[in-house]
Structure formats: C-alpha cells, structure tokens
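First comes the structure, then the notes that go with it.
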Amino acid sequence: MHHTEQSLNAHYDDIAADACFMNIDILLLSETWTILRYTFELNGFDSHHLVSNLSRRSPSGVSIYIKHHLKLLVESVEIFPNQDLGIPVLVASFTTKIIVTILYAKPGSSDDDITDAID
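Under the working numbering, the first residue of the sequence shown carries the number 4, and numbering increases by one thereafter.
Below is the structure:
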C-alpha cells in the first residue's frame, strides 16, 4: 500500500492507530518530510527510511515498512538519495523475485529525471 504523507511527523500517530495501515504487509510512504534524528518505527514492522534532509524538514523523503514476518524474505534494501536530481529512491528486493520501489519526484521533475533516478 502506498500513501503520500506530507509529513510523517504530523501523521505518525494517525498511521499507528489506523487498522488498515497496521494490517498491511508492506507500507510505502512518500513525501515523509523526515530528518535524520527521527526514525518513526511502527509496531510489527521493520522500517527503512531515506530522509528528506539531515536537519530541516522539506517536502521529500520516502520510507518502506515491511512486516516482521516477511523479514526472512528480504534480500536487500538499497538506498539511492539522488540529491542532485531531488528524487530519492528506496528499493527492497525479496527472495521471491519481487522488487518494491518507492520514490518521490519533486514538482517539476521531468520524465528524464525520474528515469535517471531509477537507472
């Protein structure tokens, strides 16, 4: 399930209290506006974050939450900040040959920028 957060800091409690979110096996969040010192762990999930900025909240950032029972199926989680393009990308690869990707493309990003970020 994907959700555009527009600040995980502002909506974390809403997500943690929402049965739909908490019953999903893989939760993808974009536009998290997170900074390095906050992790936003969710009960029952392993989380992977690509912060929007090290010290200042800005409209960017992505997170992947994967239920603990799927932990053994995760081969790798790769982080591609792509700061020059402003398009952060997280990629989770599973032993089942499934790949889950979340990215945030800032307004004004061209198709070529997005393609470059994914490559």
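Backbone N, C-alpha and C define an ideal beta-carbon position, used for all residues, glycine too.
Between I82 and L93, is the Cβ-Cβ spacing less than 8 Å?
In this structure, I82 places its C-beta atom within 8 Å of the C-beta atom of L93.
How would you write the range of the alpha helix (DSSP H) that F24 sits in, first residue to last?
22–25
Less than 8 Å between the C-beta atoms of S50 and T37, yes or no?
no
At 3 residues or longer, what runs of the beta strand (DSSP E) sit wholly inside the segment 40–85?
48–53, 65–70, 77–83
Close-in-space but distant-in-sequence residues of the same chain around K109 (CB under 6 Å, 5 per side omitted)
Answer for K109: G89, listed in chain order.
Ordered along the chain, which non-local residues of its own chain (more than five positions away) have a Cβ less than 6 Å from that of E8?
H14, L32, E34, T35
DSSP on T104, reduced to helix/strand/coil?
strand
Output yes or no for whether 8 Å exceeds the beta carbon distance between L76 and T99.
yes
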